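A.B. asks:
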C-alpha cells in the first residue's frame, strides 16, 4: 500500500514520521505542500481549513493528521499491506 505524506521542509514531526516509515520499510510518497498549491488545498480540506502536517493519506483515501507509526502500522496490517 502506498502512503502519501503531505509535509513541509521545516516540519519536525514530518521528519520523524518519514524516518520511522523508512526504518519500518514502509514505502511512501512525499508531497511538499509549500511547493504544491493543490496539495495545500487538499490538506486544508481534510483539516478544517488548516495546513496541518504531517497529513497522511492511505491508498483507500483515508486521511490521518499527525498519525503515530503504531497507528499507521495497525491500519496497514488491517488493510493487508
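Numbering (UniProt numbering), first residue to last: 1 to 81. Ideal Cβ positions, reconstructed from N, Cα and C, are used throughout, including at glycine. Since this is a predicted model, take the numbers as computed values, not measurements.
Residue 56: buried (16+ other C-beta within 10 angstroms of its C-beta) or exposed?
C.D. replies: Flag for residue 56 reads buried.
A.B. asks: Any idea if residue 5 is buried or exposed, counting beta-carbon neighbours within 10 angstroms, 16 or more meaning buried?
C.D. replies: Flag for residue 5 reads buried.
A.B. asks: Can you grab the Cα-Cα spacing for the pair residue 33 / residue 60, in whole Å?
C.D. replies: If I take the Cα positions, the gap works out to 21 Å.
A.B. asks: For residue 57, list the residues DSSP reports as bridge partners.
C.D. replies: 4 and 63, per the DSSP bridge assignment.
A.B. asks: Candidates 2, 26 and 13: which alpha carbon is nearest residue 65's?
C.D. replies: Checked all of 2, 26 and 13; the closest Cα to residue 65 is 13.
A.B. asks: Exposed or buried, residue 43, counting other C-beta atoms within 10 Å across all chains shown (16 or more means buried)?
C.D. replies: Buried, since its Cβ has 16 or more Cβ neighbours within 10 Å.
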